[in-house]
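Take the sequence shown: its letter number 178 is residue 178 in the UniProt record's numbering, and every next letter is one higher.
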Amino acid sequence: VGSLFIRDNANHSIFYIEKNSFKNGFGAATGGIFLDSNYSQQSVYNFKNNQFHLNKNENAEGHSQDVVLWFSHPPKGWTESNMGNKVKTLFKGSKTDVVKDSFAVVVNFSSTHIVDKHVSIARFSGSGVSQGGAYIIGMIIGGLIVAAVFVIVILFLQCKKRKFGKSDSTFQENAPLFAKQYESI
């Protein structure tokens with residue numbers, strides 16, 4: 001489980017989890033919030049205006065990185081066709097940096113009818129690059145910086161060698177930076 005695990009075993013519970021930031025969480029199912037609700041028909045949940053950043057899970061496809069909602073009984077008014085909209089209402093004003101399907105919801109409508117859906121919520125403005133893309137861009141920029149530092153150090157050492165090297169011959173002072181070496185016969 002990621003940052004927050006909620007198990008609702010009561011017949012009537014009220015949960016207000018608002019205006020929080022779930023950042024860098026990691027879990028098997030989700031990096032953010034995991035709700036396990038057994039008697040949710042009378043319970044009240046409110047997850048409005050939360051922010052989700054860089055959460056991860058063990059799902060290879062990247063689904064449900066931010067939230068997993070598991071309902072043993074459907075909340076009042078929920079149907080298979082309106083599940084996605086109901087989740088978006090629960091998380092109104094919340095935002096993520098995940099490109100797609102950062103939420104998963106599972107509802108047991110009956111012992112033989114279980115429905116799961118993946119849901120996308122609003123993204124942060126300007127978050128056009130996915131998490132994986134951001135990591136790749138960061139690695140490329142880091143590699144370029146390391147390469148530039150390496151070249152600067154080599155040039156500095158070569159200049160230092162030319163300036164402070166043995167100056168008993170004029171050939172050495174006027175030699176190119178990378179002089180050819182010849183084998184003796």
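Built from N, CA and C at the ideal position, the CB exists for glycine as well. Please read all numbers here as calculations on a predicted model, not as lab measurements.
query	result
Report yes if the C-beta distance between Asp97 and His118 is below 8 angstroms; otherwise report no.	no
Can you give me the start and stop residues for the beta strand (DSSP E) that Leu4 sits inside?	4-8
Pick out whichever of Val68, Thr30, Val99, Lys95 has its Cα sitting closest to the Cα of Ser21.	Lys95
Do you know how far the Cα of Leu144 is from the Cα of Phe71?	49 angstroms
Report all residues from its chain with a CB closer than 8 angstroms to the CB of Ala10; omit the five preceding and five following residues, and keep chain order.	Tyr39, Ser43
Would you kindly work out how many angstroms separate the C-alpha atoms of Glu18 and Ile136, rounded to a whole number?	32 angstroms
Given a threshold of 16 other Cβ atoms within 10 Å of its Cβ, counted over all protein chains shown, does Gly25 qualify as buried or as exposed?	buried
Exposed or buried, what is Tyr16 when buried is set at 16 or more other beta-carbons lying within 10 Å of its beta-carbon?	exposed
Can you tell me which of Arg123, Thr79, Lys160, Leu90 puts its alpha carbon nearest to the alpha carbon of Leu35?	Leu90
Helix, strand or coil for Leu35, going by three-state DSSP, please let me know.	strand
In three-state terms, what does DSSP make of Phe103?	strand
Reducing DSSP to helix, strand and coil, say where Asn85 ends up.	helix
Taking Ala60 as the reference, which of Ala29, Gly84, Ala122 has the closest Cα?	Ala29
For Ile114, name the three-state secondary structure that DSSP assigns.	strand
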